[in-house]
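> Input: one structure, supplied below.
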């Protein structure tokens, strides 16, 4: 029998950490969906205490020694990968002094609050000071983590969301896409015919909810292990055995909620497909944010905005609103509505073609901010310049420009690129799945997602964090991330 | 400036413990109301880990020394009481070895599972073995805590639910009531006229829910600090700033859910009225289970089954079901329905007059079990004998007899008496409130609970755990618990 005393002790510790993280996840979900406003202060205390306990456990005096000792023990590949992920978590937690973590946390709270006011008043100057402080502390964190992880400062921030992510790699991918998009967009707009008349509302919330639940089941969501609720900002929360996805309803527009539900269902199916044997260990987690986003976008953009899916869905949708057989509810109309390209100022309202431009802009700016090459005061001008270059638009004010997203004001630098990396990864995975499983597209046209889900379970979900993102993608599709597949997808869908 | 270093350290520790307890409370609420079945195993792990962390923090190596050191510091009365409650919590947590806690926890799980089967099959013999093991371990715990708290073994169990509760005191009260009830019951039954015809259903769930919310607001529930949901077993959970009460709906009977909602609202108003300044300290908690039950029963039984309340409520209720002006919905009919006395086998279905008999029976038996004077195998015979003596009924089988309640099978010995202590305390507090606030009853007849709530806030809720239960009652009503008030209430209501 091999001795794995140190490793085994770490598994016990990380299982406990996982239970605390899951409790935190449920408390966050409740806060966004169920909690009355008056519960906010107590909830903040609960969350802060659980996070502090988590941090104390993760950075306890024995952990470093156990991690080193376990390196010398006989581990199988999953255990070895688990140890690697344990160390990564420990490095992120232990590298930064508690004082700095607290300072940044307080600066983010202040900045976020001021941002709400600044956005409402479309006045960037209001929040420039607080954001400067967030940036200053974030750069300090980046410098410290850069030492601990032996990577560049921006890459150290990236690593929090996208383990192993490197700006040098992302630069090549996003520059390529950034060079392609403006010309492609002009071509799409030149050829685009006027918008067809789609279904007209109102679309009752009850009908929308029933439709959402029906479609979640179609995609493979297990209601024994999750539920659908309402929150202001849709998300997928909970735990792999108890997935809580949310949406919001607009009675004038059912498609936004439906596509949102399909998107969050993609996230949920990923979590649900993580290997149960590694449920409470770091290696059993989802790989990173770009792969996570790839799973939601694979469902929403690749599978469900396709002609195949909409040919199945159109009569189901019409039935849900008692509109069976009425004009404007047919599959071709719904498809035309869904592939409409319309450049705008707001990222979260963007279509599939223009969305990457919003991300590229933010990625370029945040890299420059972290490098010290861009000052906070110069953000509005830089933003508007990039918008003009990438989308040919100039925001009329900062509310519709650099004040629209919460991310930076809440200290999330290094997150933005994962949206578009996810979109490209989704295209590449879907293409590989459709190539490997010939009946996949015809099954989707019949509302049968089992062939697709089965391929994803084997090639993505079940792999959890065994491999790095690039390795996983190469193993699943035969090559690392390749913009050609995403560009081909866009051409096929938007320039047929 | 006084030095309170030890005491101050303890406040920091107990605030953290409170945050963990609150997180546990929310996770329990979610489990009962929202969680899909497939989340049970993960939830059990989350709860177990948070409970273990709580136990480790509470019994940490410094705590005993800090408690002793704080005794010598200059404390005001609230701080002094807080220190007393800290020590009580610490004693309960540290007295019993972890091994025994675990054994008992496992024995309870096994016994509870077997009990579900035994109850379904009305076969006590099935669960006699597992219950014997639970009892054996509970007696071991009682013996250990008896030493630690310097009280009798049964009193040590009582103390878990009713701090400072003593069987010698409860004996006198419940024996007095037990001697009174059989004769009183016969008298009530002799005089009782046939039941009037009440409202007939079905009573749609939506209407019941709207009515429940309306009546919660009438009693003073703040929806900024709580919500109403559905669970199989109604309860009041959450935290003082975020109270989660639950009910269940039967479309054939709206009164059961309505009275349940009023009952749980009483619990919630107690929690909400606890002093905010002591929110996360032991002294800031509700005093004990009998006082908690007194607050629910004061609302349900004293205030809301009164002629005054029902004269206000009858038209509101009729309106809720679209039955305004229809026969059988008037206040007198609703009152007659609500004061119907009908002895039965099942405690939770019992009316106000016969309920104490169910409790007295259980109290006598569980004392004998803990003392070793009654063996598990002899429970069914002893149960049936007491039922005959107290209510003149003999259960046709053990499902309707000694298998009906989960408490003992889940290890809860010492809990039962708090139900009837609560009922008597409710009568005494309501009597004192009505004496002190002349307009209290007429206000209730107008749906105005502010005079009552204001008296309760000052005399009960705001006192939290500053005093012992008896002291609090004496301060609020001028005397300790006195069966005469409860008996007078029963006579006034049931033998008018």
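Residue numbers (the working numbering), protein chains in the order written: chain G, 114 to 609; chain E, 114 to 609. Glycine included, each C-beta is placed from N, C-alpha and C at the ideal position. Remember, predicted model here, so these are calculated numbers, not experimental data.
Under the rule that 16 or more other beta-carbon atoms within 10 Å means buried, what is residue 147 of chain E, buried or exposed?
The residue in question, residue 147 of chain E, is buried, as its Cβ has 16 or more Cβ neighbours within 10 Å.
> Distance, Cα to Cα, residue 246 of chain G vs residue 218 of chain G?
Answer to the nearest angstrom: the Cα atoms are 11 Å apart.
> Under a three-way DSSP split, which group does residue 349 of chain E fall into?
If DSSP states are grouped into helix, strand and coil, residue 349 of chain E belongs with the strands.
> Is it buried or exposed for residue 125 of chain E, if we count other Cβ within 10 angstroms and need 16 for buried?
Exposed: under 16 other Cβ atoms inside 10 Å.
> Which full runs of the beta strand (DSSP E) of 3+ residues lie inside the segment 267-306 of chain G, going along the chain?
Entirely contained in the segment 267-306 of chain G, not one beta strand (DSSP E) run reaches 3 residues.
> Note down, in chain order, all residues in the segment 152-173 of chain G with a beta-carbon under 9 Å from any beta-carbon belonging to chain E.
Within the segment 152-173 of chain G, the qualifying residues are 152, 153, 154, 155, 156, 158, 159, 160, 161, 162, 163, 165, 166 and 170.
> Does the beta carbon of residue 359 of chain G sit closer than 8 Å to a beta carbon anywhere in chain E?
No, no contact with chain E.
> Might you give, ordered along the chain, the residues of its own chain that have their beta carbon closer than 7 Å to the beta carbon of residue 221 of chain E, omitting 5 neighbours on each side?
So the qualifying residues of the chain are 247, 523 and 524.
> Give a yes or no on whether the minimum CB-CB distance between residue 133 of chain G and chain E is below 8 Å.
Judged by the 8 Å Cβ criterion, residue 133 of chain G is in contact with chain E.
> Does the segment 583-602 of chain G come close enough to the segment 535-543 of chain G to have 3 or more Cβ pairs within less than 8 Å?
They touch, by the three-pair rule.
> Start and end of the beta strand (DSSP E) containing residue 175 of chain G?
Premise fails: residue 175 of chain G is in no beta strand (DSSP E) and is neither H nor E.
> Show which residues of chain E have a CB atom less than 8 Å away from the CB atom of residue 355 of chain G.
Going along chain E in sequence order, the residues near residue 355 of chain G (Cβ under 8 Å) are 148, 149, 151, 152, 155 and 156.
> Here's the rule I'm using: 16 or more other beta-carbon atoms within 10 Å means buried, otherwise exposed. How should residue 419 of chain G be labelled?
Label assigned to residue 419 of chain G: buried.
> Helix, strand or coil, according to DSSP, for residue 212 of chain G in the structure here?
It is helical.
> Give the interface partners of residue 136 of chain E over in chain G, defined as CB-CB distance under 7 Å, in chain order.
Those within 7 Å of residue 136 of chain E in chain G are 136, 140, 159 and 163.
> So, for residue 283 of chain E: in the same chain, excluding its five sequence neighbours on each side, which residues have a beta-carbon less than 6 Å away from its beta-carbon?
Here the set comprises 530.
> For residue 411 of chain E, I'd like the list of residues in its chain whose CB is within less than 7 Å of its CB, leaving aside the five on either flank, ordered along the chain.
Same-chain partners within the cutoff: 379, 539, 542 and 543.
> Would residue 143 of chain G pass as an interface residue toward chain E - the criterion being a Cβ-Cβ separation below 8 Å?
Yes, its Cβ sits closer than 8 Å to a Cβ of chain E.
> Assuming residue 139 of chain E and residue 351 of chain E form a contact by the criterion Cβ under 8 Å, report the distance between their Cβ atoms to the nearest whole angstrom.
That belief holds up - the Cβ atoms of residue 139 of chain E and residue 351 of chain E are roughly 7 Å apart, short of 8 Å.
> Can you check which of these residues, E:405, E:494 and E:536, is closest to residue 465 of chain E by C-alpha distance?
Of the candidates E:405, E:494 and E:536, the one whose C-alpha sits nearest the C-alpha of residue 465 of chain E is E:536.
> Assign residue 437 of chain G to one of three DSSP states: helix, strand, or coil.
Residue 437 of chain G falls in the coil class under three-state DSSP.
> Determine whether the Cβ of residue 338 of chain E lies closer than 8 Å to any Cβ atom of chain G.
At least one chain G Cβ lies under 8 Å of residue 338 of chain E.
> Can you name the residues of chain C whose CB is closer than 7 Å to the CB of residue 318 of chain G?
Here the protein chains are G and E, and chain C is not one of them.
> Quick check on DSSP: helix, strand or coil for residue 137 of chain E?
Residue 137 of chain E: helix per DSSP, three-state reduction.
> Cα separation between residue 258 of chain E and residue 249 of chain G?
Using only the alpha carbons, I get a separation of about 55 Å.
> Mapping the DSSP letters down to three states, classify residue 219 of chain E as helix, strand or coil.
Here residue 219 of chain E sits in helix by DSSP.
> Considering residue 375 of chain G, what are the terminal residues of the alpha helix (DSSP H) in which it resides?
Start and end: 367-386.
> Could I get the ranges of all uninterrupted alpha helix (DSSP H) runs contained in the segment 445-516 of chain E, with 4 residues as the minimum, in chain order?
If we require 4 residues or more, the alpha helix (DSSP H) runs fully inside the segment 445-516 of chain E come out as 468-484 and 492-504.
> With which residues is residue 339 of chain G paired in a DSSP beta bridge?
Partner(s): G:356.
> Identify whether residue 54 of chain E lies in helix, strand or coil by the three-state DSSP scheme.
What the structure shows of chain E is the stretch from 114 to 609, and residue 54 of chain E is not part of that stretch, so it cannot be assessed.
> Does the pairing of the segment 572-588 of chain G with the segment 274-283 of chain G give three or more beta-carbon distances under 8 Å?
As far as the Cβ criterion goes, the segment 572-588 of chain G touches the segment 274-283 of chain G, which means the pair count is three or higher.
> Output, in sequence order along the chain, the residues in the segment 368-380 of chain E whose CB is closer than 9 Å to any CB in chain G.
Under the 9 Å Cβ criterion, the segment 368-380 of chain E contributes no residue.
> Can you check whether the C-beta of residue 129 of chain G is within less than 8 Å of a C-beta belonging to chain E?
Yes, because at least one Cβ of chain E sits closer than 8 Å to the Cβ of residue 129 of chain G.
> Classify residue 229 of chain G as buried or exposed, calling it buried when 16 or more other Cβ atoms lie within 10 Å of its own Cβ.
Label assigned to residue 229 of chain G: exposed.
> Quick check on residue 166 of chain G: buried or exposed, where buried means 16 or more other Cβ atoms within 10 Å of its Cβ?
So residue 166 of chain G ends up on the buried side.
> Under the three-state reduction of DSSP, which class applies to residue 544 of chain E: helix, strand or coil?
If DSSP states are grouped into helix, strand and coil, residue 544 of chain E belongs with the helices.
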